[in-house]
Amino acid sequence: MSTGFLIDMDGVIYRGAELISGARQFIVKLLDEDVPFLFLTNNSQRSRRDVETKLNRMGIPIQEKHVFTCAMATARFLARQLPNGTAFVIGESGLINALHRNGYSIVDSHADYVVVGEGRTLSFELVERAVQLIMEGAKLIATNLDPNCPTQTGTRPGCGAVVALLEKATGVKAFSVGKPSPVMMRAARKELGLAAADTTMIGDTMDTDILGGVQLGYRTILVLS
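Following my numbering, the residues of the sequence shown are numbered contiguously, the last one being 1610.
Quick look at the structure:
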């Protein structure tokens, strides 16, 4: 019976621009022994290929197929809920491209969903438009509820902070897809074709990585590097 791993990246594989000791050796061993694994990220800005390139440049020899983003999970979830729907997006190319690949059109009016991800292009105009669409009936979807995003230059507000603003302004509760939501955690496991009992989640955060794994009956490993 095969076993496999779902692996967080920031704090497990690297911190900032530096690889964490032993991370490369661990991934190479998984590859050499043909152990199934996926890197999971709550960052919706980057595509799978972007993440692959980042890790390759840091010395982690993985392929695009080893990456599973919250943007992918969100787009697939919406495509199942309402095929060929429409979305107003607060976010960047990784999220927009994932929605397009799953049959969604990006619109500024009459949206089925308002989808919120990370980004550096947030404006009050976008927030105001999102509020209007939600009040008109669009459902509010969060790619994740992380309150902030660590960057090389400091910390910036995360998806969860923007979602909280929209929830407060509209009185509408968002549905979140990213870790620790069972939606993303289950989708990642199924991507590997594993049973819950054969899946191990490796992460450095109790309230996302580990909680998400425990909720679905996965083995969990908390990294304290």
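The beta carbon of each residue, even a glycine, is placed where N, CA and C say it ideally should be.
Per DSSP, what kind of secondary structure is residue i in: helix, strand or coil?
i	result
Asn1487	coil
Ala1523	coil
Met1570	helix
Leu1550	helix
Asn1415	Asn is not the amino acid found at residue 1415; the sequence shown has Leu there. Helix, per DSSP.
Asp1493	coil
Ala1580	coil
Gln1466	helix
Gln1430	coil
Arg1505	coil
Met1443	coil
Thr1629	This structure gives no information on residue 1629, because the portion of the chain shown stretches from 1386 to 1610.
Measuring only the C-alpha atoms, how far is residue i from residue j?
i	j	result
Lys1575	Arg1604	15 Å
Ala1496	Gly1401	37 Å
Ser1387	Ala1554	47 Å
Asp1435	Val1548	25 Å
Ile1412	Ile1398	9 Å
Leu1518	Glu1510	12 Å
Thr1438	Gly1479	14 Å
Val1516	Leu1507	14 Å
Gln1448	Lys1524	34 Å
Tyr1498	Ala1582	34 Å
Val1608	Ile1595	10 Å
Gly1522	Ser1610	44 Å
Ile1606	Gly1578	20 Å
Cys1534	Thr1528	13 Å
Gly1563	Met1569	5 Å
Ala1572	Leu1415	21 Å
Can you name the residues that DSSP bridges to residue i?
i	result
Phe1473	Val1499
Pro1535	Thr1540
Val1452	Phe1424
Thr1585	Phe1390 and Arg1604
Glu1359	Because the chain here runs from 1386 to 1610, residue 1359 falls outside it and cannot be looked at.
Asp1395	Tyr1399
Phe1560	Ile1526
Identify, in the order they occur along the chain, each residue of the same chain with its Cβ nearer than 6 Å to the Cβ of residue i, setting aside the five sequence neighbours on each side.
i	result
Gly1476	Ser1429, Gly1502 and Gly1504
Met1457	Ala1483
Among residues of its own chain, excluding the 5 on either side of residue i, which ones have a beta-carbon nearer than 8 Å to its beta-carbon?
i	result
Tyr1489	Ala1460, Leu1463, Ala1464, Asn1469, Gly1470, Thr1471 and Ala1472
Excluding five sequence neighbours on each side, which residues of the same chain lie with their C-beta closer than 7 Å to the C-beta of residue i?
i	result
Met1520	Thr1555
Ile1481	Val1474 and Ile1491
Quiz item: Taking contact to mean at least 3 C-beta pairs separated by less than 8 Å, is the stretch 1418-1428 in contact with the stretch 1386-1396?
Solution: The stretch 1418-1428 is in contact with the stretch 1386-1396.
Practice problem: Determine contact between the stretch 1404-1413 and the stretch 1437-1456, defined as no fewer than three beta-carbon pairs at a distance below 8 Å. | Solution: At 8 Å Cβ cutoff, the stretches touch.
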